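Residue numbers (my numbering), protein chains in the order written: chain A, 1 to 431; chain B, 1 to 431; chain C, 1 to 431; chain D, 1 to 431. Each residue gets a CB set at the ideal place from its N, CA and C atoms; glycine is no exception. Just so we're clear, the structure is a prediction, and the values are computed from it rather than from any experiment. Presented below is the structure to which this report refers.
There are 4 protein chains.
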Amino acid sequence: MSDFFKNIKPLSYDPDGSDLGFRHYNPDEVFMGKRMEDHLRFAVAYWHSFAWPGGDPFGGQTFDRPWFGETMDMARLKADVAFEMFDLLNAPFFCWHDADIRPEGDTFAESLRNFEEIIDYLGTKMESSKTKLLWGTANLFGHRRFMSGAATNPDPEIFAWSAATVKACMDATHKLDGQNYVLWGGREGYETLLNTDLKRERQQAGRFLQMAVEYKHKIGFKGAILVEPKPQEPTKHQYDFDVATVYGFLKEFGLESEVQMNIEQGHAILAGHSFEHELALASSLGIFGSIDMNRNDYQSGWDTDQFPNNVPEVALAYYEVLKAGGFTTGGTNFDAKLRRQSLDPVDLVAAHAGAMDVCARGFKAAVAMLEDGTLEAMRDERYAGWESSNAKAMLEGDLASIAARVAKEGINPQPRSGRQEILENIVNRFV
Amino acid sequence: MSDFFKNIKPLSYDPDGSDLGFRHYNPDEVFMGKRMEDHLRFAVAYWHSFAWPGGDPFGGQTFDRPWFGETMDMARLKADVAFEMFDLLNAPFFCWHDADIRPEGDTFAESLRNFEEIIDYLGTKMESSKTKLLWGTANLFGHRRFMSGAATNPDPEIFAWSAATVKACMDATHKLDGQNYVLWGGREGYETLLNTDLKRERQQAGRFLQMAVEYKHKIGFKGAILVEPKPQEPTKHQYDFDVATVYGFLKEFGLESEVQMNIEQGHAILAGHSFEHELALASSLGIFGSIDMNRNDYQSGWDTDQFPNNVPEVALAYYEVLKAGGFTTGGTNFDAKLRRQSLDPVDLVAAHAGAMDVCARGFKAAVAMLEDGTLEAMRDERYAGWESSNAKAMLEGDLASIAARVAKEGINPQPRSGRQEILENIVNRFV
Amino acid sequence: MSDFFKNIKPLSYDPDGSDLGFRHYNPDEVFMGKRMEDHLRFAVAYWHSFAWPGGDPFGGQTFDRPWFGETMDMARLKADVAFEMFDLLNAPFFCWHDADIRPEGDTFAESLRNFEEIIDYLGTKMESSKTKLLWGTANLFGHRRFMSGAATNPDPEIFAWSAATVKACMDATHKLDGQNYVLWGGREGYETLLNTDLKRERQQAGRFLQMAVEYKHKIGFKGAILVEPKPQEPTKHQYDFDVATVYGFLKEFGLESEVQMNIEQGHAILAGHSFEHELALASSLGIFGSIDMNRNDYQSGWDTDQFPNNVPEVALAYYEVLKAGGFTTGGTNFDAKLRRQSLDPVDLVAAHAGAMDVCARGFKAAVAMLEDGTLEAMRDERYAGWESSNAKAMLEGDLASIAARVAKEGINPQPRSGRQEILENIVNRFV
Amino acid sequence: MSDFFKNIKPLSYDPDGSDLGFRHYNPDEVFMGKRMEDHLRFAVAYWHSFAWPGGDPFGGQTFDRPWFGETMDMARLKADVAFEMFDLLNAPFFCWHDADIRPEGDTFAESLRNFEEIIDYLGTKMESSKTKLLWGTANLFGHRRFMSGAATNPDPEIFAWSAATVKACMDATHKLDGQNYVLWGGREGYETLLNTDLKRERQQAGRFLQMAVEYKHKIGFKGAILVEPKPQEPTKHQYDFDVATVYGFLKEFGLESEVQMNIEQGHAILAGHSFEHELALASSLGIFGSIDMNRNDYQSGWDTDQFPNNVPEVALAYYEVLKAGGFTTGGTNFDAKLRRQSLDPVDLVAAHAGAMDVCARGFKAAVAMLEDGTLEAMRDERYAGWESSNAKAMLEGDLASIAARVAKEGINPQPRSGRQEILENIVNRFV
Ligand SMILES: [Co+2]
Ligand SMILES: [Co+2]
Ligand SMILES: [Co+2]
Ligand SMILES: [Co+2]
Ligand SMILES: [Co+2]
Ligand SMILES: [Co+2]
Ligand SMILES: [Co+2]
Ligand SMILES: [Co+2]
C-alpha cells in the first residue's frame with residue numbers, strides 16, 4: 001500500500017455526506033432493469049491520471065509523482081497507485097496505452113519485454129480487484145518515430161513497427177480480458193498537403209485497420225474494435241475527422257460491420273458538432289460503441305480534456321446512449337486530465353468523483369426523460385405524416401410521378417412549428 | 001440594351017491597360033495543350049449578382065436595381081442585364097436557381113409557368129450569346145415552406161413539392177444544354193436534435209438523391225449530378241457537412257459513381273478544412289466535379305461568399321484541380337456576392353474582373369509548379385520506400401507476420417525531415 | 001384585446017403545475033432581503049419578439065403576424081399584443097428600438113412624428129400596466145443609410161441623422177421614465193481596413209458618445225447610459241469589441257464614470273470570452289450595468305440570440321452579478337429571438353417562460369453559493385499571502401529592492417494546487 | 001566553428017540563383033530613402049530556433065541538437081551555432097528569453113550566475129558579429145513555479161521572483177545595448193474564474209509594469225518597453241488579450257506613453273483580428289512598437305508560430321507599418337518555429353530565408369502601394385465631407401442643435417459605394 005492517497009477513504013454513495021463521497025452515483029440502484037454501474041460502466045484512464053506530467057506547449061512538468069521515471073520499478077509503483085485509486089473510486093474499469101504502463105526500451109524487443117512483464121503484473125493485480133479492462137490501445141503518436149504518422153507514414157518500416165505494436169497490444173488486451181480494443185490515429189493525418197499523398201495514406205490506413213480486424217478474429221478476441229475520431233491536433237488534419245468521415249472510410253474498406261466508434265465529447269466539439277450529434281449519428285449508422293466523457297472548452301481550439309461538469313449536457317448525451325440501446329462492450333471512459341495546477345492527490349480523486357456524480361445525475365435525467373416519453377411522442381408526432389401509405393409509396397416512386405401528383409392535387413404544404421423552445425423547456429424539467 | 005452598365009466597355013486582355021481590363025486572364029493563351037478559357041471555365045452566378053438585395057441579419061436591402069420586383073417583365077429585364085454583363089466579361093458560363101430567374105407564383109403551377117417561360121427567354125438569349133449554362137439548381141431553402149427541410153422535411157408533402165421542383169429544374173437544365181445539375185441542401189439539416197429523427201431524414205435524403213440520378217438517366221441528361229457540401233448555416237447542422245461526409249452518404253446509397261462534388265472554398269473553410277484539402281480528397285475518392293471559387297473570411301463563422309483575392313491560395317487550389325485532371329463538365333463558378341456597401345454597377349463588373357484575374361494568376365502558377373515538377377518529385381521521393389516489393393508485400397500480409405519480421409530484423413526506423421518550409425519556399429517561387 | 005394569445009392564461013408561480021406556469025420564478029420570494037422580481041428585473045425585447053419576421057441569410061419571412069405592415073394602425077396593434085404578452089408573463093420591464101415601434105417615414109420628420117405618436121400610445125398603455133421601460137435605444141444599423149456606420153460614417157450628414165435620432169430616442173426614454181438608455185454600434189466598425197480611417201472613426205465615435213452623455217445631463221435623465229459590446233457581425237470588425245475594449249475607449253474620452261456596460265452572453269461568446277468573464281471584468285472596472293441574457297450557440301460564428309437554457313451557466317452569471325452588487329438601474333433583458341421555425345403564439349410565451357425559469361433557478365443557485373460562502377472563502381485563502389504587510393510593502397517598492405530581497409532571503413516559492421476540479425464540484429452541489 | 005551548418009554557405013541576394021539565396025531580400029536596396037535592412041530590421045528568435053525540442057501536447061522531442069543539455073558548455077555551444085546562423089543569414093538582430101540562453105540553476109542565485117556568464121559570452125560574440133540585440137525578455141511561464149502566474153500569482157513570493165528576474169533581464173538587455181525590452185504574459189491570466197480574483201490580479205499586473213518602466217528610467221535604458229498581447233493559450237484567458245485591451249490597461253495605470261506594443265500576427269488571429277487591424281489600431285493609439293512576423297494557421301485554435309508565407313498578407317501588414325512611420329526601435333522578429341518534422345539544419349536556414357524573402361516581397365509591394373497613392377487618395381476622398389467646416393463645427397456642437405439642423409434642412413443622406421472589391425483589385429496589382 002503506497003501512501004500516495006493516505007487519509008483518503010474509499011468513496012461510497014452518501015447523498016448528504018462528506019466532501020468526497022458520491023452524492024448521486026449509486027452503483028446498485030436499478031434503472032430500466034439494470035444497475036447504474038452496469039449502465040454507466042465507468043473507466044479511469046491510466047495515461048492522463050498516472051502518466052501525464054502536466055506540461056503544455058508553454059510550460060513543463062508540474063506534477064511530482066513518486067512513480068515518475070522510466071524503470072520497471074516505477075512502472076510497478078504506478079500500477080500499485082493506480083489500483084489504489086480504482087479501489088477508492090470503486091471503478092469497474094480502466095484503460096491503458098502501452099506507453100502508459102511500461103518504460104520505453106532501447107529496442108522494440110526490449111519495450112515488448114517490459115510491456116509483457118507489466119501486463120502480467122496488471123493481470124495479477126486484477127485478480128484481487130473488481131476493476132476490469134475496458135480497453136487497451138497502442139500509443140502510436142508520442143515517440144518521434146511516429147511524427148509523420150504510424151500506419152500512414154511515408155516510411156513502410158514505421159508501418160511495420162506500428163503493426164507489430166498493435167499486435168502486442170491486442171494480445172495483451174485479449175489476455176487481460178479487455179472488453180474492447182481502441183485505435184486513435186493522432187498522427188494519422190498531415191501538417192501540409194504539400195508533402196502528403198492523401199490517397200496513398202488512406203489506402204495504408206484502410207489496410208492497417210483491416211489487418212487489426214483480421215487479427216482479432218484470428219486470436220478469437222470477442223471485444224469490439226473501436227476507432228476514436230478527432231479532427232485535428234496534434235496534426236493540422238486528421239483522417240478520422242468525425243463519425244461521418246470514419247463511416248465513409250469504413251464503407252470504403254468493407255469494415256462498417258466490424259468496427260465501432262469511441263466518441264469523445266471534446267473531439268466532437270473540435271469537429272464542430274455537439275456530442276449528442278456524434279452519438280446519434282453513430283447510432284443511426286449502426287456503429288456506436290463507447291464514449292470518452294471528457295469535455296472540451298468550447299472556446300479553445302485545442303483538446304482540453306476536462307472532466308465533465310455540466311449536467312444538462314451530460315443528460316442529453318446519455319439520452320442518445322440510451323436511445324442507442326445503451327452500452328454493450330462500451331462504457332464511459334474519462335479521457336480527462338487534471339488541470340496542470342491541480343497538484344494534490346486529492347485533486348485526482350475529487351475530479352473523478354465529481355465527474356462520476358455529474359454523469360450519474362445526467363444519466364438519471366436521461367432515464368426520466370425517456371420514461372416520461374413526452375420528447376419521443378412529440379418527435380413521432382412531427383414525422384407522423386411519413387407513416388401514411390401514400391408517403392411510403394412516394395419513396396418508391398420517381399420524380400415524374402411525384403411531379404404529376406403535385407400538379408394534379410395542387411398541393412401547397414404549410415410549415416408547422418418546430419417547437420424548439422418548448423422542447424428545451426421539457427428537457428429543463430428533468431435536468 | 002439596358003443602360004445599367006452604360007459607359008462600361010467590354011473587357012479584354014490588356015496586361016498594362018485601363019482599370020477594368022484583364023491583366024492576367026487571356027482566354028486564348030494555351031497551357032498544357034488547352035486554352036485558358038477551357039481550363040478555367042468561369043461562370044457567373046445569377047443569384048448573388050442579380051437577385052440578392054444586399055441584406056444581412058441586421059439590415060435590409062442596400063441595392064437598388066431597376067429589375068427588382070416580382071413580375072415577369074422584371075424577370076426579363078434582369079435576364080437582359082445579366083447577359084449584358086456576361087458579354088462585358090466574355091463569360092463562358094452562368095448558373096441559376098429557379099428562384100433567381102422567375103417570379104414566385106401563388107401556386108406550384110403558376111411558379112412553374114413563370115419558370116418555363118423564363119427558361120425559353122434565356123434559351124433565346126443564349127442563341128445570340130457565347131455564354132452557356134454551367135449548371136442549374138433548385139432553390140429549396142428560401143421560401144418558408146422549406147424552413148424545416150426539403151427532402152428531409154417532416155412533412156412528406158414538402159418532399160413532394162421539392163421533388164416536383166427538382167424535376168422541373170432538371171428538365172430546364174437539360175433543355176438549356178447545361179453541363180451539370182447541382183443540389184445544395186441548405187435546409188437539409190437541423191436546428192435541434194430534440195425535434196429531429198436523424199436516421200429517417202438521412203433515408204429521405206438518400207432516396208431523394210437516388211430519384212434525381214434516376215431521372216437524369218431517364219431523360220438522357222448527360223451532365224453530372226453535383227452535390228455541394230456545407231457544414232452549417234443556415235441550419236445548425238447540415239447533412240452534407242463536407243466531402244468526406246458526403247462520400248459516406250453516397251456509399252450508403254450506392255451513388256458514389258453517379259454523383260460528384262461541387263466544392264466551395266468558403267464551405268471548406270467553415271468545415272474546418274483548407275479548400276485544397278477538399279479538392280484533393282474528392283479527387284482521391286473519384287468524386288471531384290466542379291468548384292465555387294468564392295472565399296470565406298477565415299475569422300467569421302458565417303458564409304461571407306467573397307470574391308477570391310489571394311493568389312497564393314488560389315494557386316494551391318488550381319494545383320489540386322490540375323492534379324485531378326482538370327475540369328470535365330465542371331468549372332469555376334463565382335458563388336460570390338458583392339459586399340453590401342458596393343452599390344455601383346461598376347462594382348459588380350470590377351469584382352468579377354478582379355476575381356477572374358486572381359484565378360488566372362493562380363492557374364498560371366499552378367501550371368508552372370506542375371511543369372517544374374519539383375514538388376511532385378519531392379513528394380514521390382518521400383514515399384519511395386513504399387514502391388519496394390517488400391513494402392507492397394507487407395500490405396498483403398498480416399499483423400503476426402509483420403511482428404515476426406520486426407522482431408527478427410530488429411528494425412528501428414528513424415524519422416526523416418518533412419521539409420514543409422522548403423516546400424512552401426518552392427511554392428513561393430511560383431506565386 | 002387581440003386574439004393573438006387566445007386560450008393562453010396569465011402565467012403564475014406553480015411549481016408542480018401546467019405546461020406554461022412558472023416552476024421556479026416566484027416574483028415575491030425574498031432572497032438576501034429583496035424580492036426575486038426586484039433582483040432579476042426581467043425585460044421583454046420588442047424587436048425580436050414583435051418586429052422580427054423570421055428571416056435569415058438564406059431564407060425570408062417565416063412568421064405571419066397580424067400586425068406586420070408599415071402603418072400606424074399596425075404599430076398600435078403590435079403594441080397592444082406586446083402589452084398583452086407582458087401581462088401574461090407578468091413582466092416588470094420591456095425595451096425598444098425606435099424602428100421596432102413605429103413605421104419608417106419617407107423623411108426624418110415623418111419618422112419622428114410616427115415615433116412620438118407611438119411613444120404617447122405606449123405611455124398610455126403603461127399607465128394601466130405594471131410593465132415599465134428598462135431601456136430605449138435607436139436602431140442605427142438596419143436602414144441602408146447606415147450601411148457604412150452611424151456616428152462613424154464617412155458622411156457627416158449620417159452622423160447628423162444619427163445624432164438627431166439619438167436625441168429623439170433619449171427624449172422618449174426620458175418621457176417614458178426609462179431606467180437606462182442603450183447604444184449598440186452594430187455598424188460602428190468596418191468591412192475592410194482598405195477603405196477605413198480607423199483613427200478618425202474612433203474620434204467620431206468618442207465625440208458622439210460624449211454628446212449623448214452631455215444630453216443626458218442637459219435633460220435631467222437620471223438613468224444610466226449603457227454601451228453594448230459586440231466583436232463582429234454585422235460588420236467584420238466592430239469598435240465596441242468587448243468590455244475591455246470599450247473600457248479603453250471610455251478612458252480615452254473621459255467617459256469611464258459616465259457610461260456602463262450592457263453585456264450580452266452571446267456577444268461575450270463571439271468575442272472569445274465566457275459571459276462571467278465579461279461580467280466580472282466590468283464589475284472590477286466599475287462599469288457594470290445591465291445584461292442581455294440570451295445565449296449564443298458556441299459552435300456558430302454568428303449571433304444566434306437564443307433564449308437561455310443552461311442553468312449551471314446562468315448560475316455562474318448571476319453569481320457575478322450578485323458579487324457586483326446586483327442590478328441598480330440595470331436588469332435581465334432577453335435580447336432573444338425564437339427559432340424561425342417556432343411559428344405559434346404559444347412558442348413566444350413558452351420561450352419567455354422557460355427562460356425566466358432558467359434564470360430563476362440559476363439565480364437561486366447563485367444566492368445559495370454566496371450564502372454558503374465556501375467558494376469565496378477558498379478564493380480568499382488562495383490570495384491570503386497578499387494580505388501580509390510585507391507583500392503590500394513590496395507593491396510600493398521597486399525592482400532593485402525586490403531583487404535584493406530575493407537574493408538575500410534565497411526565496412524559492414513552491415506552487416500550490418489551484419483546485420479547479422474541487423471548485424467545480426462545489427458549484428455542482430448548488431446547480 | 002561548429003559543423004552544424006556544414007555545407008551551407010552564407011546567403012546573399014541572388015534573384016535567379018541557388019536554392020538558399022535570397023531572391024527578394026536585398027539589404028542595401030534603398031526604398032523611401034532608407035536601406036531595406038534598416039526598414040525591415042529582421043531578428044532571429046533564440047528560443048524557437050535553438051531551444052525548442054519539437055514537442056507538442058501529444059508527442060515529445062523530435063529535434064536532436066548537439067547542444068541540448070542543461071550545462072554551461074552546452075549553452076556556449078548553442079550560442080556559437082546561433083551566431084553561425086545569424087552570420088549565414090546576415091541577420092541584423094536577434095532576441096532571447098533568459099531561459100533560452102542559460103541553464104536553469106537550483107536556486108535563483110545560481111540561475112542568475114549562469115545567466116550573467118552567458119550574457120558576457122554573448123557580448124563577446126556580438127563584438128565580432130554584425131548581429132545586434134533587438135530585445136531581451138524574461139521567461140516567466142515555463143517553470144512550474146509560474147503555473148498560476150508571475151506578476152499576477154496568488155503567491156507574493158512569485159511576484160518577487162518575477163520582479164527580480166525582470167530586473168536581471170533588463171540589466172542584461174541594457175548591457176548588450178538591446179533596442180527594446182519585451183514582456184509577454186503567458187501565464188498572466190486564468191484557467192477558471194472560480195479561483196481567480198480578477199481585480200486584484202489586474203492591480204498586481206499594473207504595478208509590476210509600472211515598476212519595469214520605473215526601472216528602465218533608473219538605469220537609463222533608452223530602448224522601448226514593449227508588451228506582447230495574446231488572448232489565450234497557455235491559459236484560458238490572458239489579460240493582455242489584444243491591443244485594445246492593453247491600451248485600456250495602460251490608460252488605467254498611466255503608462256500609455258511609456259509602453260508600446262509588440263504585435264504578433266498569430267496572436268492577432270487568435271484574438272479574432274487581422275494582423276493589419278492590430279497594427280493600425282496600435283498606430284492610431286500611439287502605441288505601435290514592433291512585430292513578431294509569424295503566422296498562425298487560421299483554422300487551428302492554438303498558436304502555431306509558423307514562418308510567414310503569404311505575400312499579399314505580409315504586404316498589407318507592412319503597409320500599416322509604413323503608414324505608422326516604420327520601425328524606430330522595433331523590428332521584424334520571427335517568433336516562429338519549424339514544424340516539428342523539419343529535422344534538418346538546412347530546414348532551419350531555409351525557413352528563415354524563405355520568410356525574409358516573403359517579407360521583402362511584401363515590403364516592396366507596400367512601398368509601391370504607398371508611392372502609387374491610389375489607395376490613400378480613395379480613402380481621403382471617402383472622408384472628404386468631414387473636412388468641411390460645417391462638419392468640423394458639428395463635432396463641437398450638441399445633439400439638440402444637430403437635431404434642429406436635421407429638421408430644418410430636411411437632410412436625407414444617401415449611401416455611397418464602399419468600393420471594397422475595387423480596392424482589393426488595386427492591392428492585387430502590387431502583390
Ligand atoms: Co481529447
Ligand atoms: Co479520447
Ligand atoms: Co457559400
Ligand atoms: Co456555393
Ligand atoms: Co446578439
Ligand atoms: Co443584445
Ligand atoms: Co505565438
Ligand atoms: Co511572439
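Any non-hydrogen atom of ligand 8 within 7 Å of residue i CB
i, result
"Glu228(D)", "yes"
Ligand 3 heavy atom lying under 7 Å from the CB of residue i
i, result
"Asp297(C)", "no"
"Asp305(B)", "yes"
Cβ-heavy atom distance, residue i to ligand 6, below 7 Å
i, result
"Asp242(C)", "no"
"Asp100(C)", "no"
"Asp292(C)", "yes"
Ligand 7 heavy atom lying under 7 Å from the CB of residue i
i, result
"Glu264(D)", "yes"
"Asp335(D)", "yes"
Residue i burial status per 10 Å Cβ neighbour count (16 or more: buried)
i, result
"Asp14(C)", "exposed"
"Lys6(A)", "exposed"
"Lys138(D)", "The amino acid at residue 138(D) is misidentified as Lys; the sequence shows Ala. Looking at its Cβ environment, which holds 16 or more other Cβ atoms inside 10 Å, Ala138(D) is buried."
"Asn412(A)", "exposed"
"Thr107(A)", "exposed"
Near ligand 2: residue i beta-carbon under 7 Å from a heavy atom
i, result
"Asp398(A)", "no"
Cβ-heavy atom distance, residue i to ligand 1, below 7 Å
i, result
"His267(A)", "yes"
Exercise. Decide if the stretch 202 to 218 of chain A is in contact with the stretch 156 to 173 of chain A; the criterion is three or more beta carbon pairs, one per stretch, under 8 Å apart.
Key: yes
Practice problem: Inspect the CB distances between the stretch 366 to 378 of chain C and the stretch 118 to 136 of chain D and report whether three or more fall short of 8 Å. | Solution: no
Quiz item: For the stretch 197 to 282 of chain B, which segments carrying the beta strand (DSSP E) assignment without a break, of at least 3 residues, lie completely within its bounds, in sequence order?
Solution: 224 to 228 and 259 to 264
Quiz item: Touch check for the stretch 84 to 104 of chain D and the stretch 43 to 63 of chain D: three-plus C-beta pairs under 8 Å?
Solution: yes
Quiz item: What beta strand (DSSP E) runs, 3 residues minimum, are completely inside the stretch 319 to 401 of chain C?
Solution: 332 to 334
Quiz item: Can you find at least 3 beta carbon pairs, one from the stretch 330 to 347 of chain A and one from the stretch 396 to 403 of chain C, that sit closer than 8 Å?
Solution: no
Quiz item: Taking the runs of the alpha helix (DSSP H) that are 4 residues or longer, which of them lie wholly in the stretch 42 to 97 of chain C?
Solution: 72 to 89
Quiz item: Are the stretch 259 to 273 of chain D and the stretch 224 to 243 of chain B touching, with three or more C-beta to C-beta distances below 8 Å?
Solution: no
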